[in-house]
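Asker: I am attaching a structure below and will ask some questions about it afterwards.
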Amino acid sequence: MNREMIIVLDFGGQYNQLIARRVRECNVYCEVHPYTLGLEKIKEMNPKGIIFTGGPNSVYLEESPHIEKEIFDLGIPILGICYGSQLMAYTLGGKVATAPVSEYGKTEVKVDKSSVLFKNVEPTTVCWMSHTDYIAEAPEGFQATAHTPVCPIAAMECPERKLYATQFHPEVMHTVEGMKMLHDFVYDVCGCSGDWKMDSFVTTTIDALRQKIGTGKVLCALSGGVDSSVAAVLLSKAIGKQLTCVFVDHGLLRKNEGDEVEAVFGPEGPYELNFIRVNAQERFYSKLAGVEEPEQKRKIIGAEFIHVFEEEAKKIGAVDFLVQGTIYPDVIESGLGKSAVIKSHHNVGGLPDCVDFKEIVEPLRLLFKDEVRKVGLELGIPEYLVFRQPFPGPGLGIRIIGEVTAEKVRIVQDADFIYREEIAKAGVDKKLGQYFAALTNMRSVGVMGDFRTYDYAVALRAVATSDFMTAEAAEIPWEVLQKVMNRIVNEVKGVNRVFYDLTSKPPGTIEFE
Ligand code: XMP
């Protein structure tokens with residue numbers, strides 16, 4: 001295929017996928033590869049340009065990642081970023097040293113407007129710096145094209161050889177005009193025409209999946225969440241009935257959710273796939289009976305989920321591939337590995353190898369959530385599914401404090417349904433990262449129609465967050481909260497009080513358990 005491509009060579013920096021994503025935002029296909037990819041492979045891939053990422057090392061140390069000098073003679077445009085810029089300087093005979101003053105964070109950089117990278121940028125522009133080393137001397141034939149008071153070579157270039165370098169990170173949003181720089185590198189230096197869009201991702205991925213899977217059988221654990229839904233639809237377009245989706249209804253889903261998922265993916269829906277809905281409510285409720293401790297509840301739900309899934313997989317038999325809706329942030333988070341366990345996450349996308357599979361297929365592994373959503377829309381998945389707020393694998397099981405019973409599930413489902421309905425009616429849903437009702441384990445005295453009541457209290461939660469690692473309680477208009485409270489106490493039997501949770505994360509978490 002003659003699609004234009006930029007290769008990102010990964011030197012261990014934090015923003016490597018972000019660079020690829022920014023290039024894709026310029027409508028140019030981009031892939032991240034390890035820096036050890038090798039010249040032969042690079043020539044074979046015939047990229048329009050190469051970007052070297054940042055990285056934590058010092059280029060002048062022997063053990064740090066290096067690159068063959070010949071890469072600079074291939075005639076392929078190269079942009080070095082941070083460590084990548086120092087690597088370019090060092091490899092070509094310049095000097096890299098510990099900077100007298102390190103720069104971290106937003107920094108005002110003065111740029112040379114005659115550089116093709118900066119022609120559309122303000123003469124002084126805010127860039128994101130994060131470095132302890134710097135280029136002390138540019139290699140022969142290079143000129144400095146940007147500087148700060150303490151960094152004389154914040155960018156350098158040798159236009160004749162199409163080599164460019166920036167000490168700062170154009171890919172992060174704190175570099176206010178970074179997208180313009182990347183755009184001009186990709187179009188004006190690399191000569192790309194912009195022949196890639198999300199629909200190209202869809203067609204290319206479908207082709208690649210067909211090739212890989214051949215006539216094999218594929219199994220997908222479908223939760224109805226965005227990632228597994230998009231992965232399932234991609235696979236169904238690629239291999240139709242060779243795909244079987246198993247949807248486990250554990251009885252801890254939101255109101256009507258099981259039926260909604262079935263309407264889209266079941267036999268009445270638009271996709272040609274084998275869909276198995278396992279109604280395992282009773283099984284989960286009986287395992288959870290009498291259990292109050294949150295971690296124990298999570299573990300029971302996770303383990304039971306796997307049992308159900310495994311049983312179904314065995315019934316289907318001889319499955320070659322397992323599909324997972326893993327997306328890029330999951331890949332980064334699982335890479336960290338050393339942080340304390342706050343909660344044992346159960347995610348139906350993250351099934352262990354409980355059944356024998358030849359291979360795991362993860363078609364969304366390189367995409368960010370909003371890119372996955374774009375793919376979802378491209379595939380014609382209904383908007384309400386594509387823009388769903390996250391919903392945890394253990395479901396309402398961790399939104400019911402204490403023991404889970406069918407009765408409590410009914411209460412929290414009905415309260416949550418009302419809350420979501422009113423939030424949508426008021427038009428505030430787009431501003432919220434996540435919002436839901438939970439059931440506290442508290443009962444208190446109230447009065448209704450001259451009678452004493454002794455019922456549960458529902459807690460409403462709404463948070464503003466972009467990364468879900470930290471969150472603030474969101475400000476919901478008072479009249480909306482009052483309306484929700486009124487409807488819940490009037491319409492949901494067993495509730496006589498409603499609280500609004502003001503806690504941020506930290507110290508709270510988003511879910512209650
Ligand atoms: P917490 O409660 O840890 O939640 O602040 C952060 C985000 O993760 C979601 N969450 C889960 N997602 N399996 C999941 O797939 C889980 O076990 C799980 N627990 C929490 C939570 O909804 C929020 O978006």
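Using the numbering used here, read the sequence shown as starting at 1 and increasing by one per residue.
Beta carbons: idealized from backbone N, C-alpha and C, even for Gly.
Note that the structure is predicted; figures quoted are calculated from it, not measured.
Is residue 502 buried or exposed, if buried means 16 or more other CB atoms sit within 10 Å of its CB?
Answerer: exposed
Asker: Quickly, what does DSSP pair residue 435 with across the bridge? List them, please.
Answerer: 462
Asker: I need the boundaries of the beta strand (DSSP E) containing residue 52, first residue and last residue.
Answerer: 49-52
Asker: Note down the Cα distance separating residue 460 from residue 123, rounded to an integer number of angstroms.
Answerer: 49 Å
Asker: Does DSSP classify residue 77 as helix, strand or coil?
Answerer: coil
Asker: Would you kindly work out how many angstroms separate the C-alpha atoms of residue 490 and residue 396, rounded to a whole number?
Answerer: 22 Å
Asker: What is the C-beta distance between residue 126 and residue 172, in whole angstroms, given that I count them as a contact (C-beta under 8 Å)?
Answerer: No, residue 126 and residue 172 are not in contact; Cβ-Cβ is about 11 Å, not under 8 Å.
Asker: Return the bridge partner residues of residue 128 from the DSSP annotation.
Answerer: Looking at the DSSP assignment, residue 128 forms a beta bridge with 106.
Asker: Confirm the yes/no value for this check: CB of residue 505, any heavy atom of the ligand XMP, distance under 6 Å.
Answerer: yes
Asker: Say the cut is 6 Å; is the CB of residue 510 nearer than that to a heavy atom of the ligand XMP?
Answerer: Yes; taking the cut-off as 6 Å, the Cβ of residue 510 has a heavy atom of the ligand XMP nearer than that.
Asker: Should residue 185 go down as buried or exposed, given a rule of 16 or more other Cβ atoms within 10 Å for buried?
Answerer: By the beta-carbon neighbour count (other beta carbons within 10 angstroms, threshold 16), residue 185 is buried.
Asker: Flag this pair as touching only if the stretch 253-273 and the stretch 289-300 have three or more C-beta atom pairs under 8 Å; answer yes or no.
Answerer: no
Asker: Quick one: using the 10 Å Cβ neighbour count with 16 as the cut-off for buried, is residue 39 buried or exposed?
Answerer: Its Cβ having fewer than 16 others within 10 Å, residue 39 is exposed.
Asker: Could you please give the first and the last residue of the uninterrupted beta strand (DSSP E) stretch that includes residue 497?
Answerer: 495-500
Asker: Throw me the rounded Cβ distance for the residue 252 and residue 477 pair, which I believe falls under 8 Å.
Answerer: Going by Cβ atoms, the distance from residue 252 to residue 477 rounds to 30 Å, so no, they are not a contact pair.
Asker: Would you please state the rounded distance, in angstroms, between the beta carbons of residue 6 and residue 23? I believe it to be under 8 Å.
Answerer: About 5 Å; that satisfies the 8 Å criterion.
Asker: Closer than 6 Å by C-beta to residue 209: which residues in its own chain qualify, once you throw out the five before and the five after it? Chain order, please.
Answerer: 238
Asker: Can you give the beta carbon distance from residue 230 to residue 375, rounded, assuming they're within the 8 Å contact cut?
Answerer: Contact holds; Cβ gap of about 6 Å.
Asker: Within 10 angstroms of the Cβ of residue 139, are there 16 or more other Cβ atoms? Answer buried if so, exposed if not.
Answerer: Buried, since its Cβ has 16 or more Cβ neighbours within 10 Å.
Asker: According to DSSP, what are the bridge partners of residue 34?
Answerer: 10
Asker: So what does residue 162 bridge to, in DSSP terms?
Answerer: Residue 162 is not bridged to any residue.
Asker: Please find out if some non-hydrogen atom of the ligand XMP comes closer than 6 Å to the beta-carbon of residue 329.
Answerer: no
Asker: Along the beta strand (DSSP E) that carries residue 146, what are the first and last residues, could you check?
Answerer: 143-148
Asker: Would you call residue 288 buried or exposed, if buried means 16 or more other Cβ atoms sit within 10 Å of its Cβ?
Answerer: Flag for residue 288 reads buried.
Asker: Quick check: the Cα distance between residue 250 and residue 439, rounded to an integer number of angstroms?
Answerer: 18 Å
Asker: Start and end of the alpha helix (DSSP H) containing residue 490?
Answerer: 478-491
Asker: Assign residue 375 to one of three DSSP states: helix, strand, or coil.
Answerer: helix
Asker: Does the beta-carbon distance from residue 360 to residue 413 come in below 7 Å?
Answerer: no
Asker: Within the present structure, is the beta-carbon of residue 393 separated from the nearest heavy atom of the ligand XMP by less than 6 Å?
Answerer: Correct: residue 393 has its Cβ closer than 6 Å to the ligand XMP.
Asker: Beta carbon of residue 468: closer than 6 Å to some heavy atom of the ligand XMP?
Answerer: yes
Asker: What is the DSSP secondary structure of residue 469, reduced to helix, strand or coil?
Answerer: coil
Asker: Residue 505: which of 483, 472, 485 and 486 sits nearest, CA to CA?
Answerer: Residue 472 is the option with its Cα nearest to residue 505.
Asker: For a quick check, are the C-beta atoms of residue 330 and residue 216 less than 7 Å apart?
Answerer: Contact check for residue 330 against residue 216 fails: the beta carbons are separated by 7 Å or more.
Asker: I'd like to check one pair, residue 486 with residue 455: are the Cβ atoms closer than 7 Å?
Answerer: no
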